[in-house]
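**Student:**
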Amino acid sequence: MTAAASTVALRRSARPLPFRLARAELLKVRKRRGLVATAVLLTVAAVVILEVAMELFHLSNPVKYSAAGGGDHFRRAMFLLSQLGSVAAALVGASLGADDVSAGVFRDLVATGRSRAALFAARIPGGLAMVWPLTAAAFTIACLFTVGLAGGKPTPDTTLFVESGLWVELAVGLAFALGLGLGSVISSRAQTVSILFGWIVIVEPLLTRVTALAAGREWLLSAGVDRLAPAGILPARDRVPMSLGVAVAVTVAWALVPLAAGLWRTRTRDA
Amino acid sequence: MELALETRGLTKRFGDRLAVDGVDLQVPRGSAFGYLGPNGAGKTTLIRMLLGLTRATAGEMRVLGRPVPAERAEALRRVGAIVEEPRFHDHLTGRENLRIVAAAREPQAHARIDGALQRVGLAARADERVRSYSQGMRQRLGVARCLLADPELLILDEPTNGLDPAGIQEFRLFVRQLVAEGRTVLLSSHLLSEVERICDAVAIVDRGRVVAQGPIADLSARESRSVLVGTDDPERARTLLTALGEVARVHADGDGLRVVLGPNGSLERAAAEINRLLVRSGLAVHRLEPQRASLEQTFLEITSRLEDAT
């Protein structure tokens with residue numbers, strides 16, 4: 711072993727267990743080229759493509775199309791990022807939840823004597839360490855376009871920028887938790903992704919619009935998340951009517967229930 | 297005798313089927329111990345219980361002196377294991393796969409990665425994706441993963457599966473090296489000759505039950521000393537020999553008889569006694585062949601006897 715390698719090994723040894731486990735989880739996902747490419751495409755690339763396309767439209771016909779920046783385009787970018795970012799986060803969560811079992815490595819991790827709860831818990835920071843920075847990068851790009859290409863249009867204030875950033879991170883964090891929990895229960899990435907994709911992209915948006923469900927719509931994840939969106943991003947008329955307290959309760963439930971189910975399955979399954 | 301592994305009445309039931317049936321196992325420290333049985337005998341299930349991968353239905357286990365599952369984490373701290381075929385994240389390199397498991401072990405495990413790769417001869421290809429590894433390389437990487445624990449006990453489940461003859465030979469030497477370092481190796485296998493060559497002691501398991509256990513030399517000597525006899529009147533010879541003191545049983549073997557001896561006395565002296573008895577009784581003896589059976593013959597004898605009894 712070289713002196714440099716030895717120093718690296720010693721430095722890794724000195725880190726506390728939760729940090730080491732989370733880092734190992736991050737390693738698993740960041741080395742999946744297809745997954746990383748998809749996540750980048752759905753976050754950073756999606757925002758860049760949207761903004762560049764808008765600007766090109768504007769340049770080609772300034773009368774018909776306004777500049778790519780400004781408050782109205784910022785709202786559009788945030789909506790896109792919350793939707794596609796959630797899909798990316800669900801993919802990462804599903805991968806972390808299912809990969810150890812489907813690869814047959816879970817039993818080797820359990821055989822180290824490490825508690826199953828610790829192995830499961832490490833997936834949360836490990837996955838968020840990939841999902842949140844990607845979303846933050848996409849958000850930053852959206853902010854830069856918003857201000858830089860405003861072309862005289864009004865831009866959001868600092869408060870709205872900050873609130874929007876936190877809200878988008880909340881939305882993708884919830885989708886990650888959902889993917890992780892379901893992936894840990896099902897142990898199949900493909901099945902988990904299919905179910906979540908169908909739920910996030912098709913079923914929830916449809917159910918949100920079914921007014922006949924009345925208060926039942928309050929229990930949808932997107933209803934809770936939308937209610938917590940800054941007013942400057944999503945006006946009240948576009949949301950399912952519900953109190954802030956119910957929105958917080960629904961959001962917390964959508965985070966905790968899948969994670970609890972995933973933890974339970976991880977602790978009880980035959981490895 | 298200090299034990300690396302001990303089970304008492306260990307039982308695992310899947311519905312109506314008993315996979316492991318009241319197993320009492322004693323594995324001495326610093327030995328290579330074979331857990332030998334045909335496919336489906338419950339070997340892997342026992343290993344999975346020892347490692348906490350599945351729960352026991354009944355019974356007690358102690359690993360490196362600590363009760364499992366009560367002190368499982370501490371018990372497994374110095375245990376390395378390969379269960380069935382070694383599996384990995386194929387999209388990661390060999391080294392990265394070891395980093396994943398090292399993270400779950402004690403802090404010093406990271407510093408052992410390079411040494412473990414070196415020891416199994418994978419250092420040069422450690423940074424290639426496991427997807428490109430041969431079966432033999434995966435097997436070696438599995439052993440390297442075990443070494444991250446600096447193990448006092450290695451549990452290897454059918455470790456030579458998929459290895460070529462050179463790989464098997466290398467693996468045997470490797471296990472003996474580990475034992476020479478004072479480590480204990482529990483090796484489960486259905487390959488009888490393999491266990492006989494590598495291990496010091498063995499437990500023979502059949503249908504979830506341990507049917508014989510002890511040092512290989514003792515087991516072979518105790519169970520499988522026999523004399524092959526050829527005479528002109530096998531039926532009469534059988535009657536005569538069954539009454540002989542040292543004889544455990546007599547059964548037909550091809551054209552002749554196999555005279556299985558009891559646990560005591562010399563094999564050569566018993567052969568002479570058999571010859572004397574048959575000649576004095578007026579029978580012509582044309583074959584007299586003392587045999588010490590391999591463990592494989594003992595194993596087949598034990599399991600076939602059990603089948604006869606059921």
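Here the protein sequences line up with chains A and B, keeping their order.
Take the first sequence: its position 86, counting from 1, is numbered 796 in the working numbering, and each next residue is one higher.
Take the second sequence: its position 21, counting from 1, is numbered 317 in the working numbering, and each next residue is one higher.
Each residue gets a CB set at the ideal place from its N, CA and C atoms; glycine is no exception.
Between residue 976 (chain A) and chain B, is there a C-beta pair that is closer than 8 Å?
**Tutor:** Not closer than 8 Å to any Cβ of chain B, the Cβ of residue 976 (chain A) fails to qualify, so no.
**Student:** Can you tell me whether residue 852 (chain A) is helix, strand or coil according to DSSP?
**Tutor:** Of the three classes helix, strand and coil, the one that applies to residue 852 (chain A) here is helix, per DSSP.
**Student:** What would DSSP say about residue 765 (chain A), mapped onto helix, strand or coil?
**Tutor:** Of the three classes helix, strand and coil, the one that applies to residue 765 (chain A) here is helix, per DSSP.
**Student:** Taking the beta strand (DSSP E) that residue 871 (chain A) belongs to, which residues open and close that run?
**Tutor:** Counting along the chain, residue 871 (chain A) falls outside any beta strand (DSSP E), though it belongs to the alpha helix (DSSP H) covering 868-896.
**Student:** Answer yes or no: do residue 815 (chain A) and residue 385 (chain B) have a C-beta to C-beta separation smaller than 8 Å?
**Tutor:** Yes, the pair counts as a contact, with Cβ atoms nearer than the cut-off.
**Student:** Rounded to the nearest angstrom, what separates residue 977 (chain A) and residue 368 (chain B) at their Cα positions?
**Tutor:** Straight-line Cα distance between these residues: approximately 14 Å.
**Student:** Among the candidates B:501, B:326, B:319 and B:304, whose CA atom is the shortest distance from the CA of residue 474 (chain B)?
**Tutor:** Residue B:326 is the option with its Cα nearest to residue 474 (chain B).
**Student:** Excluding the 5 residues preceding and the 5 following residue 881 (chain A) in the sequence, name in chain order all residues of the same chain whose CB lies nearer than 6 Å to its CB.
**Tutor:** So the list reads 792, 796 and 935, once near-sequence residues are dropped.
**Student:** Would residue 938 (chain A) and residue 828 (chain A) be called neighbours here (beta carbons separated by less than 8 Å)?
**Tutor:** Not a contact, by the Cβ cut-off of 8 Å.
**Student:** Would you call the CB atoms of residue 362 (chain B) and residue 371 (chain B) closer than 8 Å?
**Tutor:** Cβ distance < 8 Å, so residue 362 (chain B) and residue 371 (chain B) count as in contact.
**Student:** With distance defined between alpha-carbon atoms, name the residue in B:542, B:472 and B:581 nearest to residue 528 (chain B).
**Tutor:** Residue 528 (chain B) has its Cα closest to that of B:581, out of B:542, B:472 and B:581.
**Student:** Identify which residue in B:319, B:311, B:550 and B:304 has its Cα closest to the Cα of residue 503 (chain B).
**Tutor:** Checking every option, the nearest Cα to that of residue 503 (chain B) belongs to B:319.
**Student:** Give a yes or no on contact between the segment 954-966 of chain A and the segment 912-932 of chain A, applying the rule of three or more CB pairs nearer than 8 Å.
**Tutor:** Yes, they touch.
**Student:** Hey, is residue 392 (chain B)'s beta-carbon within less than 8 Å of any beta-carbon in chain A?
**Tutor:** So, interface residue.
**Student:** Consult DSSP for residue 792 (chain A) and reduce its assignment to one of helix, strand or coil.
**Tutor:** Of the three classes helix, strand and coil, the one that applies to residue 792 (chain A) here is helix, per DSSP.
**Student:** By how many angstroms is the C-alpha of residue 783 (chain A) removed from the C-alpha of residue 943 (chain A)?
**Tutor:** Each residue's Cα considered, the two are about 10 Å apart.
**Student:** Report, in whole angstroms, the separation of the C-beta atoms of residue 494 (chain B) and residue 328 (chain B), which I expect to be a contact under 8 Å.
**Tutor:** Right, their Cβ atoms sit about 5 Å apart.
**Student:** Taking the straight line between their C-alpha atoms, what separation do you get for residue 778 (chain A) and residue 855 (chain A)?
**Tutor:** Looking at the two C-alpha atoms, the distance is approximately 7 Å.
**Student:** Could you run through the segment 365-378 of chain B and flag, in chain order, every residue whose CB is less than 9 Å away from some CB of chain A?
**Tutor:** For the segment 365-378 of chain B, which is checked against every Cβ of chain A, the residues closer than 9 Å are 368, 369, 370, 371, 372, 373, 375, 376, 377 and 378.
**Student:** Output needed for residue 835 (chain A): all residues of its chain with C-beta closer than 6 Å, excluding positions within five of it in sequence on either side, in chain order.
**Tutor:** Within the same chain, residue 835 (chain A) has close Cβ partners 732.
**Student:** For the segment 378-394 of chain B and the segment 422-433 of chain B, state whether three or more C-beta atom pairs, one from each stretch, are separated by less than 8 Å.
**Tutor:** Yes, since at least three Cβ pairs between the segment 378-394 of chain B and the segment 422-433 of chain B fall closer than 8 Å, the two stretches touch.
**Student:** Quick one: complete beta strand (DSSP E) runs, 3+ long, within the segment 525-580 of chain B?
**Tutor:** Listed in chain order, the complete beta strand (DSSP E) runs (minimum 3 residues) inside the segment 525-580 of chain B are 543-549 and 552-557.
**Student:** Run down chain A in chain order and give the residues with a C-beta less than 8 Å from the C-beta of residue 314 (chain B).
**Tutor:** Near residue 314 (chain B) there are no residues of chain A at all, since even the closest Cβ is about 17 Å away, more than 8 Å.
**Student:** Under a three-way DSSP split, which group does residue 339 (chain B) fall into?
**Tutor:** Reduced to three states, the DSSP call for residue 339 (chain B) is helix.
**Student:** Just the chain B side, please: which residues come within less than 9 Å of residue 815 (chain A) by C-beta, in chain order?
**Tutor:** Those are 383, 384, 385, 393, 396 and 397, listed as they occur along chain B.
**Student:** Quick one: residues in its chain with C-beta nearer than 7 Å to the C-beta of residue 758 (chain A), no 5 flanking neighbours on either side, listed in chain order?
**Tutor:** Around residue 758 (chain A): 851.
**Student:** If you draw a straight line from the C-alpha of residue 831 (chain A) to the C-alpha of residue 973 (chain A), how long is it?
**Tutor:** Rounded to the nearest angstrom, the two C-alpha atoms are 8 Å apart.
**Student:** Using C-beta distances below 7 Å, list every residue in its chain close to residue 487 (chain B), excluding the 5 sequence neighbours before and after it, in chain order.
**Tutor:** Excluding residues within five positions, the ones whose Cβ falls inside 7 Å are 456.
**Student:** What residue range does the alpha helix (DSSP H) around residue 738 (chain A) cover?
**Tutor:** First-last of the alpha helix (DSSP H) with residue 738 (chain A): 727-740.
**Student:** Suppose contacts are defined by Cβ-Cβ distances below 8 Å. Is residue 975 (chain A) in contact with residue 894 (chain A) by that definition?
**Tutor:** Cβ atoms of residue 975 (chain A) and residue 894 (chain A): closer than 8 Å.
**Student:** Between which two residues does the beta strand (DSSP E) carrying residue 914 (chain A) extend?
**Tutor:** Per DSSP, residue 914 (chain A) belongs to no beta strand (DSSP E); it is in the alpha helix (DSSP H), 914-919.
**Student:** Applying a beta-carbon distance threshold of less than 7 Å, which residues of chain B neighbour residue 730 (chain A)?
**Tutor:** Chain B residues near residue 730 (chain A): 399.
**Student:** Would a check of beta-carbon distances place residue 348 (chain B) closer than 8 Å to chain A?
**Tutor:** Cβ-Cβ to chain A under 8 Å: yes for residue 348 (chain B).
**Student:** According to DSSP, simplified to helix, strand and coil, what is residue 309 (chain B)?
**Tutor:** Three-state DSSP puts residue 309 (chain B) in a strand.
**Student:** For the alpha helix (DSSP H) that residue 910 (chain A) lies in, which residues bound it at each end?
**Tutor:** Where residue 910 (chain A) is concerned, there is no enclosing alpha helix (DSSP H), given that its DSSP letter is neither H nor E.
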